[in-house]
Structures are given as structure tokens and as C-alpha cells.
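Asker: Heads up: the sequence shown is residues -19 to -1, 1 to 204, going by mature numbering (1 follows the signal peptide of the UniProt record, and there is no 0). Using N, Cα and C, we set each Cβ at its ideal position, and we do this for glycine too. The structure presented is a predicted model; accordingly, all values stated were derived computationally and were not measured.
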Amino acid sequence: MLVATTTGLTAAALSFAIAGCGPSGESKSTTSESTAVTAVQDQPPKLEDGLDDTLHDYIVEHNIAEVPFKPGDPGTPTYDLALPEHWALATEIPEWAFGAIVYDQPRDASDPPTITAIANKLTGDVEGPEVLDYASGLLDNMPDFKPLGEATERTISGFNSVDYAGTYLHEGKTRFVAQKTVVVPGPDALFVVQLNGTAVESDSQIVLDAMQWINDRTTITAA
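1. Are there 16 or more other CB atoms within 10 angstroms of the CB of Gln175, so buried, or fewer, so exposed?
2. Among Thr72, Ser138, Pro168, which has the Cα closest to the Cα of Ala63?
3. Assign Asp144 to one of three DSSP states: helix, strand, or coil.
4. Taking all protein chains shown into account, do 16 or more other C-beta atoms lie within 10 angstroms of the C-beta of Pro93, making it buried, or fewer, making it exposed?
5. Who are the Cβ neighbours of Tyr60 in its own chain at under 6 Å, not counting the five residues just before and after it?
6. At the level of alpha carbons, what is the spacing between Gly167 and Ile74?
7. To which residues of the same chain is Glu182 closer than 7 Å at the C-beta, ignoring the five residues directly before and after it?
8. Going along the chain, which unbroken runs of the beta strand (DSSP E) with 3 or more residues stay wholly within the region 31 to 96?
9. Can you list, in chain order, the residues of its chain with a C-beta nearer than 8 Å to that of Asp34? Leave out the 5 residues immediately preceding and following it.
10. Could you check which residue in Asp85, Phe172, Tyr39 has the C-alpha nearest to that of Ala100?
11. In angstroms, rounded to a whole number, what distance separates the CA positions of Ile187 and Ser91?
12. Considering only C-alpha positions, which residue in the set Leu150, Ala132, Glu152 is nearest to Val163?
13. If distances are taken between C-alpha atoms only, which option among Asp197, Ile96, Leu113 comes closest to Leu70?
14. Taking Glu134 as the reference, give the member of Lys127, Phe126, Asp144 with the closest Cα.
15. Return the bridge partner residues of Ile201 from the DSSP annotation.
16. Comparing C-alpha positions only, which one of Tyr84, Ala170, Lys161 sits nearest to Pro58?
17. Hey, out of Asp38, Phe79, Glu66, whose CA is closest to Phe50's CA?
18. Could you tell me the alpha carbon to alpha carbon distance between Lys191 and Ala180, rounded to whole angstroms?
19. Going by the DSSP bridge assignment, what does Asn101 pair with across the sheet?
20. Under the three-state reduction of DSSP, which class applies to Ala180: helix, strand or coil?
21. Per DSSP, Ala159 is paired with what?
22. In chain order, what residues of the same chain lie with their CB nearer than 7 Å to the CB of Lys127, ignoring the 5 residues before and after it?
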């Protein structure tokens, strides 16, 4: 299992993109105060060498301080993350993650679609547009990654974000991953949350529909 340290956003994001989540709790169809999180089951594969710069590269190059935060931590934004229909809160919570949900009507109960969240407070020489520019690099570096299209700039609850999705190869099988990165400016920091959805390739639309639901119905309040 990966543990988030100074590579929190990228290491944790990769582990969720690679591994499925465990069993979920009861299904809900309303917004939730925050999502709970599952444990990561597998080690991620090595990234391809010599490809795109990642958000971690940007953080290191600019000597940016990176501190994970959890729902309700003082001085952080409030994220009322919408819970899509037929999705449920996951039951196990790794120390380094913000939250996770699991699709409760999977074709394969051992490998359901999942969406997880990772949250970090960045301080120092950090700019929101640059964070979004670098956000897609992680997926580009995954084994045999094939994007659905270009990274797309959007807003969620009035805050800037970027969406990116595609397929990648894991243990000889093609899987799907979708990522949303949102930046929320604070008085002395930038708060970054990444949502990472993953599923078998045939369930890609389930993840995309859930990501759209979250984007349209989530409310974020700045600190």
C-alpha cells in the first residue's frame, strides 16, 4: 500500500487509479457531508519513463509545501460532494485519503467502479492554473495510457477544474480511469482536491456519468 508523504497527490492518485476498492456500505442517492474511503488493494505499476511532467514534479521544482487535509479540518474549504444514484460510501479509510464511493450495482462484485478523493493544501510558489496544467501528467505516464480526448477545463461550484480520462494497462488487462482536479484559493494557500474514478473498461460510462453528477451537484465553500 502506498502512503502519501511529499508525493501525496500523485502517489495516492495513482494507487486509486490502479486498485479497486473494497465492499461498500448502504446505497444513498442524496448529497453527503463527505465521502469515506476504502483501502488500496494493489501496488501500482511503475510509471513510464521520459514522459509528461506531473503535478509532483511541479511541487518539487517549486519547493511547494504539501499537507493532506480531511473533511472538516479547520481553515479548509467545505466540500459537500454529491453522491450519485446507485453509489455508496466506501467502508475502509486509508490515512492519506479524503473520501471514496463505490458503485453498488456492479457486474462484478469483486471489482466495482470506484471514485476516490485526495485533498492537499499547497503553500509557497504555487499557482492554480499551473496546478491544473500539470494535473494530467500522471495519467499520461500510466502504462499504455490512451486518452479519450484532450484534458478539459471546467468549473465545479464556481471553482476552476480540469477533467481527463482514458484507458491504461494493468496486469495485462485494460482498465478505465477518469480524473477531476479542482483548485480552491485560500488566504495563504491553494487547496487541491483530485477525484479519481476507476473501473474495468466496459464500465467506463458508469464512472463518467457519476463524475458528471458530482460536477453538477457538488457545493464547495472557500475557507
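Answerer: Checking against the coordinates, here is how it stands:
1. On the sequence shown, residue 175 is found 194 positions in, with the first residue counted as 1. When all chains shown are included, Gln175 counts as buried.
2. Residue 63 sits at position 82 when you count from the first residue of the sequence shown. For Ala63, the nearest C-alpha among the options comes from Ser138.
3. Residue numbering aside, residue 144 sits at position 163 when the sequence shown is read from its first letter. Three-state result, Asp144: strand.
4. For this step, residue 93 is matched to residue 112 along the sequence shown. When all chains shown are included, Pro93 counts as buried.
5. In the sequence shown, the residue the question calls residue 60 occupies position 79. If we look at Tyr60 and ignore the five residues flanking it on each side, its Cβ neighbours are Ile201.
6. For the purposes of this step, residue 167 is taken as the residue at position 186 of the sequence shown. For the purposes of this step, residue 74 is taken as the residue at position 93 of the sequence shown. Their backbone Cα atoms lie some 26 Å apart in a straight line.
7. The residue labelled residue 182 in the question sits at position 201 within the sequence shown. The answer, listed in chain order, is Thr148, Thr155, Arg156, Phe157.
8. 46 to 49, 59 to 61, 68 to 71, 80 to 84
9. Taking the sequence shown and counting its residues from 1, the one referred to as residue 34 is at position 53. The residues are Tyr115, Gly118.
10. Along the sequence shown, one-based indexing puts residue 100 at 119. That would be Phe172, whose Cα lies nearest to the Cα of Ala100.
11. Here the question's residue 187 lines up with position 206 in the sequence shown. Here the question's residue 91 lines up with position 110 in the sequence shown. Each residue's alpha carbon lies about 16 Å from the other.
12. As a working mapping, residue 163 is identified with position 182 in the sequence shown. Of the candidates Leu150, Ala132, Glu152, the one whose C-alpha sits nearest the C-alpha of Val163 is Ala132.
13. In the sequence shown, residue 70 corresponds to position 89, counting from 1. For the residues Asp197, Ile96, Leu113, the minimum Cα distance to Leu70 belongs to Ile96.
14. As a first step, residue 134 is located in the sequence shown; it is residue number 153 there, counting from the start. Ranking the options by Cα distance to Glu134, first place goes to Asp144.
15. Translated into positions along the sequence shown, residue 201 becomes position 220. Per DSSP, Tyr60.
16. Counting from one through the sequence shown, the residue named residue 58 turns up at place 77. Pro58 has its Cα closest to that of Ala170, out of Tyr84, Ala170, Lys161.
17. Along the sequence shown, read from residue 1 onward, the residue named residue 50 stands at position 69. Comparing Cα positions, the closest option is Phe79.
18. Translated into positions along the sequence shown, residue 191 becomes position 210. Translated into positions along the sequence shown, residue 180 becomes position 199. Looking at the sequence provided, one finds Ala at residue 191 rather than Lys. Computed Cα separation, rounded: 12 Å.
19. Here residue 101 corresponds to residue number 120 of the sequence shown, with the count starting at 1. Beta-bridge pairing links Asn101 to Pro49, Val173.
20. Here residue 180 is taken as the residue at index 199 of the sequence shown, counted from 1. Looking at Ala180 - three-state DSSP - the assignment turns out to be strand.
21. In the sequence shown, the residue the question calls residue 159 occupies position 178. Answer is Ala146, Gly178.
22. Taking the sequence shown and counting its residues from 1, the one referred to as residue 127 is at position 146. Correct list, in chain order: Gly147, Thr148.
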